[in-house]
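Structure first, commentary second.
Numbering (the UniProt record's numbering), first residue to last: 1 to 188.
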């Protein structure tokens, strides 16, 4: 008579493997970008951003689309930092403008601003901590808003005539798409 015994630890191992694969299966599941963009207030903008993914969206999953939106935001944040540095150097005669742009550099920059928060967003995505992706993404939006709208809510914002406000709004819209994607990842 043969006796077959599987140790409980082996069973636990297989259950754990099953749970891990089941947990990440939705993230790797091919998604329809139209369904994602229906949840965004400006679906045509969302579709334009997501369909700009290199290689197209055919066969794309939520995680790859999240990385794509992060890359778009990073490129535009980096370009905005370059713009801010140029604005600082060109506003040496206008101390109010220079002060505003120096503050914006903090909010956009690599030391403590939106670029740092975006790196943290990507780190949370790599760890599959989708709620953390959501929180870090919101921090990016807040940092940009601090520059564009100003931190003094009682006074008027700086009358910025450069491309910086437009760039900031664009980045915020891209991050809002990431918020939709991260919410879908978190829910599933």
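Here a beta-carbon is modelled for each residue, glycine too, at the ideal position from N, C-alpha and C. Just so we're clear, the structure is a prediction, and the values are computed from it rather than from any experiment.
*Beta-carbon contacts of residue 113 that lie in its chain and below 7 Å, excluding the five residues immediately before and after*: Hits under 7 Å: 106, 107 and 143.
_Cβ pair count under 8 Å reaching 3, the region 74–81 against the region 44–64_ = Result no; under three Cβ-Cβ pairs closer than 8 Å.
- Query: Curious, which full-length alpha helix (DSSP H) runs of at least 4 residues does the region 91–139 contain?
  - Reply: You should have 95–108 and 114–126.
> In the DSSP assignment, what are the bridge partners of residue 33?
Replying inline: DSSP lists no partner for residue 33.
For this session: If I'm right that residue 48 touches residue 181 with Cβ under 8 Å, what's the distance once you round it to whole angstroms?
Result: About 15 Å; that fails the 8 Å criterion.
Would you identify the three-state DSSP class for residue 61, choosing helix, strand or coil?
-> Annotated three-state conformation of residue 61 is strand, per DSSP.
- Query: For residue 187, which of helix, strand or coil comes out of DSSP?
  - Reply: Three-state DSSP puts residue 187 in a helix.
| Is the region 86–104 touching the region 116–124, taking contact as three or more C-beta pairs under 8 Å? | These segments do not touch.
Thinking just about the alpha-carbon of each residue, which of 186, 165, 175 and 187 is nearest to the one in residue 40?
Distance from the Cα of residue 40 is smallest, within the candidate group 186, 165, 175 and 187, for 175.
Decide if residue 99 is buried, meaning its Cβ has at least 16 other Cβ atoms within 10 Å, or exposed. Answer is exposed; the Cβ neighbour count stays below 16.
Have a look at 178, 177, 185 and 165 and flag the residue whose alpha-carbon is nearest the alpha-carbon of residue 84. Closest option to residue 84, judged by alpha-carbon separation, among 178, 177, 185 and 165: 165.
In whole angstroms, what separates the C-alpha of residue 52 from that of residue 46?
-> Between residue 52 and residue 46, the alpha-carbon positions lie close to 10 Å from each other.
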